[in-house]
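Here's the structure we're looking at; comments come further down.
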Amino acid sequence: NKRGLIYYCGDDFGALAGVDHQTVMEHERTLVDSADFILAASDKLAARFPDNKTTTLPHGVDFSLFSTPAEKASDLPNNGR
23 NKRGLIYYCG DDFGALAGVD HQTVMEHERT LVDSADFILA ASDKLAARFP
73 DNKTTTLPHG VDFSLFSTPA EKASDLPNNG R
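Quick note: the working numbering has the sequence shown finishing at residue 103, numbered continuously throughout.
Set out below in structure tokens:
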């Protein structure tokens with residue numbers, strides 16, 4: 023029964039406000055060293071990890087679906103507005 027560790031890096035967690043950046047980066051480095059495979063959400067994130075075990079898997083979104091607001095449904099209550 024073979025197992026592996028995959029790390030999905032979806033953001034630059036060390037750059038987030040309100041976190042101990044040094045601690046976050048130390049833990050991420052430990053995770054990266056232990057990971058068998060790394061998925062990064064962007065090429066910029068992927069560049070921080072070893073090439074031989076890192077692949078970019080961008081976030082996906084249907085831009086045309088989410089770029090235009092939909093009309094308000096006529097059957098929704100208006101709560102007095």
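All C-beta atoms, glycine included, are put in the ideal place defined by N, C-alpha and C. Keep in mind it's a predicted model, so treat the numbers as computed, not measured.
Contact between P80 and A69 fails: their C-beta atoms lie close to 14 Å from each other, not under 8 Å. Of the other Cβ atoms in all chains shown, fewer than 16 fall within 10 Å of the Cβ of A39; this residue is therefore exposed.
Segment contact: the region 46-66 against the region 84-100, fewer than three CB-CB distances shorter than 8 Å; contact not assigned.
For the region 48-97, the full-length alpha helix (DSSP H) segments reaching 4 residues or more read 65-68 and 85-88 along the chain. Its Cα nearest to that of A37, the residue E50 stands out among I28, T77 and E50. Around the beta-carbon of T76, 16 or more other beta-carbon atoms lie within 10 Å, marking it buried.
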